[in-house]
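Numbering (mature numbering (1 follows the signal peptide of the UniProt record, and there is no 0)), first residue to last: -20 to -1, 1 to 246. Glycine is no exception: its CB is placed at the ideal position from the N, C-alpha and C atoms. Encoded as structure tokens, the structure appears first; notes follow it.
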Ligand SMILES: *[C@@H]1O[C@H](CO)[C@@H](O)[C@H](O)[C@H]1NC(C)=O
């Protein structure tokens, strides 16, 4: 199912909540509990397996913990702090721009159960902010993976458009505290090393995304969100913590064979 389906579904719902599926017979029924699947083309998998450690040493390793808020599309109509109502109109456009990149591990729960994460912009490492702004400025294929918004003045106000960095690249970092980013968890996988680069002893390697690989390789950077907490629905809290780990790999003596053997099983 594509993002477009969500846009359809959203516009149908905001117009006529009770009659969402009238009209287009192909529009998904929001009441359906579709089976969770892995999104097409999800290239990432947990690299921190015994197979990797059999063949590679970590030349450098770093772990970082990041705060986020986790919502599902069910909560587009609830006001802060329960939901994303303030962003709902703007998100509609955002969601229609590209396919859903997946939840954690590329899982897609489809329809209303899809996850959306919110991070406060000033809580995101500046290298990540710069990357997001660069995608928005250029015709990158990663454009629109992350949507940046100015925070609404209060929970009863809607934001109407995404914030896009000025073309000249000059951004007042003082204003970052007044912004948030919204994205599907699957978007994280494209840039995990950027989150933890600053606090590592191998900043240059982690900032070089050409070294970042879904497959363990000699000299490659691998990364994964090794764990994340869940929102406490009972306490009506959306806050979660995500732990991201990255390594620069170094082939072990005699480790090449093990790496080759592993391939067939992937
Ligand atoms: C996540 O993993 C890190 C590193 O292994 C660990 O220190 C932390 O306690 C874990 N957090 C949760 C919530 O499991």
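Tell me whether residue i counts as near ligand 1, meaning its Cβ is closer than 7 angstroms to at least one heavy atom of that ligand.
| i | result |
| --- | --- |
| residue 47 | no |
Grab the span of the beta strand (DSSP E) containing residue i for me, first residue to last.
| i | result |
| --- | --- |
| residue 36 | 36 to 52 |
| residue 205 | 201 to 208 |
| residue 221 | 219 to 231 |
| residue 185 | From DSSP, residue 185 is part of no beta strand (DSSP E) but of the alpha helix (DSSP H) over 183 to 187. |
| residue 168 | From DSSP, residue 168 is part of no beta strand (DSSP E); its letter is neither H nor E. |
| residue 98 | 95 to 100 |
| residue 84 | Neither: residue 84 is in no beta strand (DSSP E) and is coded neither H nor E. |
Are the beta-carbon atoms of residue i and residue j separated by less than 8 angstroms?
| i | j | result |
| --- | --- | --- |
| residue 42 | residue 180 | yes |
| residue 80 | residue 164 | yes |
| residue 98 | residue 160 | yes |
| residue 122 | residue 195 | no |
| residue 198 | residue 229 | yes |
| residue 178 | residue 105 | yes |
| residue 127 | residue 173 | no |
| residue 135 | residue 59 | yes |
| residue 151 | residue 113 | yes |
| residue 147 | residue 102 | no |
| residue 24 | residue 86 | yes |
| residue 82 | residue 22 | yes |
Could you tell me the boundaries of the alpha helix (DSSP H) in which residue i lies?
| i | result |
| --- | --- |
| residue 104 | Here residue 104 belongs to no alpha helix (DSSP H), and DSSP marks it neither H nor E. |
| residue 160 | First-last for residue 160: 159 to 163, but that is the beta strand (DSSP E), not the alpha helix (DSSP H). |
Environment of ligand 1 in chain order, Cβ to heavy atom below 6 angstroms: Counting only residues whose CB is nearer than 6 angstroms to a non-hydrogen atom of ligand 1, the list in chain order is 43, 206, 207, 209 and 223.
Contact between the region 198 to 213 and the region 42 to 52 (3+ Cβ pairs under 8 angstroms): The region 198 to 213 is in contact with the region 42 to 52.
The region 69 to 76 contacting the region 135 to 142, beta-carbon criterion three pairs below 8 angstroms: They touch, by the three-pair rule.
Touch test, the region 54 to 64 against the region 85 to 98, Cβ-Cβ under 8 angstroms, three pairs minimum: Touching, yes, given that three or more Cβ pairs across the two stretches are closer than 8 angstroms.
Stretch-stretch touch, CB-based, cutoff 8 angstroms, three pairs: the region 29 to 41 with the region 215 to 233: Look at the beta carbons and you see the region 29 to 41 touching the region 215 to 233: at least three pairs across the two are nearer than 8 angstroms.
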